[in-house]
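Quick note, the sequence shown lines up with residues 23 to 723 if you use the working numbering.
Following: one structure in structure tokens, then a few remarks.
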Amino acid sequence: MFKGYSIRNLMLWVLWMGLSLPVMAASNQASTPQVTATLISSHSHIAPGEQIILGIKLDILPHWHTYWRNPGDSGTVTTIGWKFSQPVEAGDVVWPLPDRFKMGPIVNYGYENSVTLPTPLKLPADLKPGKPLKVQAVVDWLVCKEECIPQQVVLSLDLPVVAAGQGQKTAAPDIDLALERQPAKVSWPVRLQGSDGSLTLLVDAPELADSAVKDIWFYPYEWGKIAQSHEQVVTKTATGIAIELHAGDMPLQPGEALEGVLIAKEQSTETSGYLLNPKLQTVTESSPAETGTDSLLLAIFLAFAGGMVLNLMPCVFPVLSIKALSLISHSSLGRGELIRQGLVYTLGVVVSFVALALVLVLLKAGGAQVGWGFQFQSAWFVFLMTYLMFTVGLNLSGVFTIGGGISGVGSHLADKPGYWGSFFTGVLATIVATPCTAPFMAAALGFALARPAPELIVIFISLGLGLAFPYLLLTSWPGLQKVLPKPGIWMEYTKQFFAFPMYAAAVWLVWVLAQQQGELAVVLVLSGFVLIALAAWIYAISRGASSTRLKFANAGVVLVVGLAIGLVTLLAETPTEALPDKQAKSLKQNWQPYSAEKLESLLAEGKPVFLNFTAAWCISCLVNEKVALSQPEVVQAFEQQGITYLKGDWTNKDAEITKILTKFGRSGVPLYVFYPAGHAGKPIELPQILTPASVLSHIQP
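And the structure:
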């Protein structure tokens, strides 16, 4: 079997295999080159119904360390797997106060020299005396110095079982010391407030402000809630202390608790730890996140105002203009009929916003991180939207017209021409509005996505009412109707003119698709345009034909449109690509792709940083980049002040960007943030509509 192998090689192989296995122990102690582990007990003899404490003592070689329950920026928590010969209930590990280790930008929490990890055990009342309780502990840890080594030992201990009430304690100073070093529960008033990514922990405890306390640090139980590498600045207050923290990669949501230990070290080297569990109260300039009726009413008002402003955005204005032309053509109808048209349009808008809100609620319930315009991150949705824009353009150009047959589908509303048209115009207005963000919307949407489902839906209804309000006002106020021009041939020309914004929107969406899916997607969607144009031509020439020819024509339309939609399924075969790095050469190479690590590094160096979170499908973002961020005076100011320009692309789903949007109370893009030099913790948010002057005013030193 071992032909060709020397005895020496065979022995080396056996030795290597032995070193690779966990250290096995038939006793309560086992050692590795760096750590000696011992299984100890608070009792020498145990009795039924008692509570005892077992402990794992780790004696660690100098300059090496193991890790706490939250290891920090690296490392692994020490784990203990218990096995018993009789049914015994083991409690949670009691973690003594940890030390803090800082290596460059990395902060870890753990233990040096020696630590004991106690675990309480509840012994069952039917524990059988005379038969020892066999205990086995499988202990895994990571021990680090300059390098890190994962290690495992298996420890065992036999505890004699005596009659009830006759249990005997034993001296266990290591367990006693560990229990003394666990954090104390306190009744101090504690508050946690958030503001634009910064957190302030307020502790009303005058003893912490004593001059004898030389070092205070908050150790969170869960990684990612705060940025552990940031210095925690402690200041005295009238009632205690305030600690400035920074939000981490997994920022807290309003109302979420930040559980952890506040450790205070005195000049006498005495260390005390206190268990804190404050809930986040977020108060930001951009997000009215206070709880209560007032903040909800403010969010509703901001949503309504933002919805009205959406009508002036380039994505919605053409649709609203088309609807205004329809109103002029029906100006001969009575006032009551016009009001009903406006109400049906409003219903279409509101129903669409409620549907969008429900989708957001379901996605949030499933754990997804979503925001405004999230559906444009789906290439399938963008593909179908290009078809919709192109088809609407063909209709406005007169290639085909849809008569009463379509508008007559459904209910008794078919008897009133134009109702279905009004309703679906409202739906279309909602769909095309989502790539745009208007002033006032950011605060309202940021609030909505952090609130329970009923409040989110109410805010989205308010946004829809704001979008529909101008047209509803136009149909309901006779005075406004009088200023509308009289019907005439000009209306047909104007309607045809508005086909071109629809074609332009289709071209823009093709470009978005190219960013998401590459060149093949462009070929597919352009092929779909050809099929849709063919279907429109067949539909147009078949009007007025005999019933038999009409049936064949309609079947042909359905077949061709089906083929066009079928092209969408081919996108699943196309790999999703991020925005190519070569596009960083646009805007004269003055920006770099965003990453949390890059931002953290730049801020640690004290450099000024400008963040731009954008998406290819966000019209407001593209306009801002064109009219403001790419202007020579802005580019020159960035260069002169040494500002690093980072751009985060949210065209496709990106959890890292979603996290930072949430951190700033935003539900979508655009988001513009400036970090001045040397003030990494004080970011400045810019408005969502930019001009060169507004950018320059915010970045001036």
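Virtual Cβ for every residue (Gly too), placed ideally from N, Cα, C.
Taking the C-beta atoms as reference points, proline 140 is found no nearer than 8 Å to valine 175.
Bounds of any beta strand (DSSP E) do not take in tryptophan 245, whose DSSP letter is neither H nor E.
Sequence-distant partners of serine 178 (beyond 5 residues in either direction) whose C-beta falls short of 8 Å from its own C-beta, in its chain, are Ala47, Ala48, Ser49, Asn50, Leu61, Lys156, Val157, Gln158 and Ala159. Beta-bridge analysis with DSSP links arginine 122 to Tyr131.
Looking at the DSSP output, asparagine 634 bridges to Lys669 and Tyr694. According to the DSSP assignment, proline 492 belongs to the alpha helix (DSSP H) that extends over 475 to 498. Closest in C-alpha terms to asparagine 299, from the list Gly370, Trp210 and Trp86, comes Trp210. The segment 414 to 421 and the segment 520 to 529 touch, with no fewer than 3 CB-CB distances between them shorter than 8 Å. The closest CA to that of tryptophan 559, considering only Pro127, Val545, Gly420 and Arg122, is found on Gly420. Nearest Cα to alanine 194 within the set His65, Gln173 and Ser642: His65. In this structure, DSSP gives proline 300 a state outside helix and strand, which the three-state scheme calls coil.
Within the same chain, Cβ atoms closer than 7 Å to the Cβ of proline 228 are found at Thr261 and Gly262, the five residues on either side in sequence being excluded.
Looking from the CA of leucine 585, the closest CA among Asn634, Ile563, Ile554 and Ala562 belongs to Ile554. Its Cα nearest to that of tryptophan 499, the residue Arg357 stands out among Gly670, Asn634 and Arg357. Note that the C-beta distance between leucine 718 and alanine 626 is not below 8 Å. Residue range 677 to 685 is occupied by the alpha helix (DSSP H) that includes lysine 681. Annotation: phenylalanine 405 to isoleucine 265 spans about 50 Å, alpha carbon to alpha carbon.
Note that the segment 471 to 486 touches the segment 370 to 379; at least 3 beta-carbon pairs, one per stretch, sit closer than 8 Å.
Between the segment 268 to 286 and the segment 142 to 149 there are fewer than three C-beta pairs closer than 8 Å, too few to call the two in contact. Note: cysteine 166 is bridge-paired with His87 and Cys170 in the DSSP secondary-structure output.
Looking at the backbone, the Cα of proline 698 and that of serine 220 are separated by about 15 Å.
Pairing isoleucine 128 with serine 107 gives a Cβ-Cβ distance that is not under 8 Å. Listed as beta-bridge partners of valine 161 by DSSP are Ile102 and Val175. Minimum Cα-Cα distance from tyrosine 296 among the listed residues Gln275, Leu365 and Tyr241 corresponds to Tyr241. Straight-line spacing of the CA atoms in isoleucine 74 and leucine 143 works out to 5 Å. With a cutoff of 8 Å on beta-carbon distance, glutamate 72 and leucine 181 are scored as not near each other. With 16 or more other Cβ atoms from the protein chains shown falling within 10 Å of its own Cβ, alanine 490 counts as buried.
In the same chain as lysine 124, and ignoring 5 residues on each side of it, no C-beta atom comes closer than 7 Å to its own. Taking glutamine 538 as reference, the option from Ala528, Gln653, Leu712 and Thr673 with the minimal CA-CA separation is Thr673. Ranked by how close their Cα comes to the Cα of glutamate 168, the residues Ala234, Phe323 and Thr88 have Thr88 in first place. Per DSSP, reduced to three states, the secondary structure at glycine 97 is coil, with no helix or strand assignment. For aspartate 81, DSSP records a beta bridge to Thr58 and Ser136. Rounded to the nearest angstrom, the Cβ distance from glycine 670 to isoleucine 679 is 5 Å, consistent with a contact under 8 Å. Only residues of its own chain outside the window of five on either side were considered, and among them none has a CB closer than 6 Å to the CB of glutamate 661. Membership of histidine 720 in any beta strand (DSSP E) is not indicated; the residue belongs instead to the alpha helix (DSSP H) covering 714 to 721. Bounds of the alpha helix (DSSP H) holding lysine 620 are 618 to 626.
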